[in-house]
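Going line by line, the protein sequences match chains A and B.
All residue numbers in the first sequence are consecutive under our numbering, ending with 333.
All residue numbers in the second sequence are consecutive under our numbering, ending with 817.
Notes for the one structure printed next.
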Amino acid sequence: MGRFLLKRLGLAVITLWLLSVLVFFGTQVLPGNVARRILGPFADQAAVDNLNEELGTDQPLLTQYWDWITDLLTGDLGNSLALGVPVSELIGDALVNSLKLAALAFVLVVPLAIFGGVLAALRRDRLTDRVITIGGLTLSVVPEFVTGIILILVFGLWLDILPVSAQAPPGSGFFTQLKYLLLPALVLVILLFGYIARITRAGTIESLDADYTRTAVLKGLPRRTVIRRHVLRNSLLPTIAVVATQTGYLIGGLVVIETLFNYPGMGRLIVTASRQKDMPLLEAGVLIVGIVFLVAMLLADLAYSLLNPRIRYARAE
Amino acid sequence: MDEKQRRVDEVRRERSEVENHLIDEYVLGRITRRELVRRGTVLGMSIPLLSFVAAACGGDDDDGAATATGDGETTAAGDVQPGGTIRVALIQPTTEPNPLLVQDEGGAGMLGSTGEYLSFSDENLALQPRIAESWEPNEDGSVWTFAIRQGVTFHNGATLTANDVVETFEKLINPDGGSANAQSALGGVLTPGNIEAPDDATVVFNLDAPNGSFPTLVSSANYNAIIIPADLDPADWGQTFEGTGPFKLQNFTPQVGATFVRNDAYWGEKANPDTIEVKFYAEEGPMVVAFQGDEVDFVEHFSVAGGKALLDNPDVQVIGIQTATHRQLHMRTDKEPFTDKRVRQAIGLSIDRNALVDGLWEGRADIGNDSPFAPVYPSTDTSVAQREQDLEQARQLLADAGAEGFTVQLDTWDGFEIPDLAQLVKNYAAEIGVTINLKITDSATYYGDGVFGNSTWLDSVMGITDYGHRPVPNVYLTAALGGDPKVGVWNSAHFKNDAYDELVRQFVAALDVESQKGIAKQIQELLLDETPIIFPYFYNFLSAAKPNLLNAVSAATGQFDLSKAGFTA
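So, in structure tokens, the structure goes:
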């Protein structure tokens, strides 16, 4: 187990390093330089040169990258070039916000989708199945800004029972924050339900048709026990993989939802940073999302082997 | 009557030549009362004095008091409850709150929340004294002396003196790291080292050349010019938002918002609200929705395109300010086919400005006459004939110039209503046989590095650029159209005309309205003839307030003044 984790850690570090290099040199392709972005198009060229010198963005790229990565290894994430505050502060707040939203979305969509998928599989090809499958698919195809606006209109403005933005006033209690996060979380539920439910359905159908299920039924076990003890833990394997791959998106990719609900999460932070070529902020943001992603994959793999003893982690080597 | 006349004479005896000239113009009916007040405050006369003069000397009595015009720039004064919390929606600042680096509305809103300026430029472009109690020019307007208010303290308790004012401006115009934005207004006007503080209550600005509009250039319209302590590094301003205003900072979270509380040690009338909560929004849509959903009481700025729901709702107080915010459609005078001015005139004649104003702004804009002289400026000569759409004459001009049926590329970017404007210009051009190919990118690509040779904006044959509001047209006249490359840094039309440059020099130096208008008339006519740039419109700055929120004041540069605001019972 120890060797397994160490190997994964090593691979993770390499992946993250490659990611940082890609991001750094990739954004150089974008036009404009940092100081020009900050000061605007009408600023004097001398002022722009000055600011570039102050920020260190006039140095050769490799030097800038080297300085950044050496600082990172000592724990110094640097300051945001555009906002002047330590990156760690900005990332810290944004990450917590994104985690809250992602957690709520998860808690809502995963049980719901698994239940829906299993139900659809059990009632395969009947009305329930059709409704869940087609309904889920249709909903997940609708872009999130459409769903978001409809929800805001209906629940926020017409019925006036939920707030129209996701950021609760500072110092709000748990349930108040929940109320504010409910609408954006619902958007995510609508978006992800169809996908996760279908994967669960497929996995469940496969397990229902498997030999071990037939054996269990023939053994005389009650239906509920068969499902709980034998079918579910096999059908959930693909679901776990799918859910894990969604975490990266849920933490760092919710730009549209965060903008629509005015929620200061990681997605918006990263987009703003990339627009302004705010390298320290952008790198830190992307790396955090990368780390979250890799951790999620690791947990998924561990859960995998927990659920299915045949897939030993030793096999992964 | 005699007593009044005697008092008027006494007052006039004490006034300078320039000020008396202004009063003469009013008496002779050449300017309206509103313009008297506007111009008078710029020269340093107080509002009570001007009201007295206006009442005593009769003259043209238009809308009376120097506050109202059109739709209501401030909400009506009425019974407001003391205290309360006002929630404001503001566009997210793109930079840190550093007075030297701020260059957008969100940042200006932050600076103006706690900071104060020498004077506040209100919706009539009149200057209300703040840190400066009064100001006056010397004979030719090359030296301006400001009397600094005494008894003013910063939020940290330190007393404000003239030295703080001097240091604030020295930092702003410092060529080695000052404010690019402030320098766009003061470049060529004021050089570092020429500001003196002979005592704690006086600041003297020794200008590079006579300038009749100098006080506006150091007012709130130059939104970086909040007066900060001499020993404060502007880079640290964001930690305390140090200022002298009626509100002080409680807390600030980048990209989220800020909270301000009443400053009970304010030198003037204490603010009415207890707290102002500002929330940042990255986009306009969520701002409008938040207003409708009762999560904010005041939207600092919304556009016609994004705020139709607010404009159509009779329950929303729409506060509209006439401004000089505009778009410039430039044509390179040094590149075919635009080297012949008849071709440029033809393009100018092809567009239907009224249709543009109705279609893009729902009427909430003034039509432009192809010069930077917006109708809102008192120096604009409104007797100059307004260019109207005339397709036949346009076609004739093209035929005369031998330039029928050419094709040209128009570069611009995809912000605001600009793509719609570009499309409409293309349609109008098609009607006179000109084919325009649109190349619309994003602002970074269009502006590039902002220097000739490295910027689509400055290099393109035809392009559309957005310009923010300025209290006087000076910088538009010099930077956007000046022939000297050191001056005309924004001269996208590559316009070079010596007669024009001389007229502009005279305009900038002119101290009184009549001479300004006289020179403006010549400039306006010259530009109509040459048409290097088409100015289709100058649009209004719109804010929205809840119906029960009164006395909310906006400025076209993004600041808001809620010190007198409050909710009705």
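Using N, Cα and C, we set each Cβ at its ideal position, and we do this for glycine too.
- Boundaries for Thr689 of chain B: no alpha helix (DSSP H) harbours it, while the beta strand (DSSP E) harbouring it runs 683-689, taken from the DSSP string.
- When only Cα atoms are considered, Ala428 of chain B and Gly399 of chain B end up about 31 Å apart.
- Ser188 of chain A has a beta carbon lying at 9 Å or more from every beta carbon in chain B.
- The Cβ-Cβ distance between Arg592 of chain B and Glu778 of chain B falls below 9 Å.
- Taking a C-beta cut-off of 7 Å against chain B, the contacting residues of the stretch 55-81 of chain A are Leu55, Gly56, Pro57, Phe58, Ala59, Asp60, Gln61, Ala62, Ala63, Asn66, listed in chain order.
- For Ala483 of chain B, at least one C-beta of chain A is nearer than 9 Å to its own C-beta.
- Sequence-distant partners of Asp448 of chain B (beyond 5 residues in either direction) whose C-beta falls short of 8 Å from its own C-beta, in its chain, are Ile396, Gln398, Thr409, Ala410, Asn411.
- Among the residues of chain B, those whose CB is under 8 Å from the CB of Phe277 of chain A are Pro534, following chain order.
- Looking at the DSSP output, Gly711 of chain B sits in a beta bridge with B:His578, B:Asp659.
- Straight-line spacing of the CA atoms in Phe171 of chain A and Val735 of chain B works out to 55 Å.
- Leaving aside the five residues that flank His269 of chain B on each side, the residues in its chain whose CB is nearer than 6 Å to its CB run, in chain order, Asp760.
- Taking each of B:Leu455, B:Gly696, B:Asn799 in turn and checking the Cα distance to Phe58 of chain A, the smallest one comes out for B:Gly696.
- Rounded to whole angstroms, Ile304 of chain A and Gly42 of chain A show a C-alpha spacing of 18 Å.
- Given a length threshold of 4 residues, each whole run of the alpha helix (DSSP H) inside the stretch 163-225 of chain A is given here in chain order: 190-224.
- Counting along the chain, no beta strand (DSSP E) covers Leu99 of chain A, and no H or E run does either.
- For Ile307 of chain A, no Cβ of chain B is located within less than 9 Å of the residue's own Cβ.
- Here the C-alpha atom of Ala747 of chain B lies approximately 11 Å from the C-alpha atom of Leu775 of chain B.
- Chain-ordered, the chain A residues with CB closer than 8 Å to the CB of Val504 of chain B read Asp109, Gln183, Pro280.
- In terms of CA proximity to Leu646 of chain B, B:Ile680 leads the group B:Val452, B:Ile680, B:Tyr694, B:Phe755.
- Using beta-carbon distances, Gln671 of chain B does not count as an interface residue toward chain A, since no partner is under 9 Å.
- Nearest to Val414 of chain B by alpha-carbon distance, out of B:Ala406, B:Ser691, B:Asp424, B:Gly441, is B:Gly441.
- With respect to chain A, the C-beta atom of Ala553 of chain B has no partner C-beta closer than 9 Å.
- Counting along the chain, the unbroken beta strand (DSSP E) around Glu444 of chain B starts and ends at 443-447.
- For Ser367 of chain B, the pairing in a beta bridge is given by DSSP as B:Pro377.
- For Gln634 of chain B, the secondary structure class from DSSP, reduced to helix, strand or coil, is coil.
- CA-to-CA, the gap between Asn68 of chain A and Ala803 of chain B works out to about 32 Å.
- Taking 8 Å as the upper bound for CB-CB distance, Pro502 of chain B and Val101 of chain A are in contact here, some 6 Å apart.
- A residue is called buried when at least 16 other Cβ atoms come within 10 angstroms of its Cβ; Met17 of chain A does not meet this threshold and is exposed.
- Put simply, the backbone Cα of Thr805 of chain B is about 41 Å away from that of Gln253 of chain B.
- The beta-bridge partner set that DSSP reports for Arg510 of chain B consists of B:Phe495.
- In this chain, the alpha helix (DSSP H) harbouring Thr144 of chain A covers 143-157.
- Leu167 of chain A is positioned such that its CB atom lies closer than 9 Å to that of Leu202 of chain A.
- The beta carbons of Phe546 of chain B and Met358 of chain B sit no closer together than 9 Å.
- The C-beta of Val536 of chain B has 16 or more other C-beta atoms within 10 Å across all chains shown, which makes the residue buried.
- In this structure, DSSP gives Ile781 of chain B an extended state, which the three-state scheme calls strand.
- If you compare the alpha carbons of A:Val272, A:Leu314, A:Leu25, A:Ala28 with that of Ile165 of chain A, the shortest gap goes to A:Val272.
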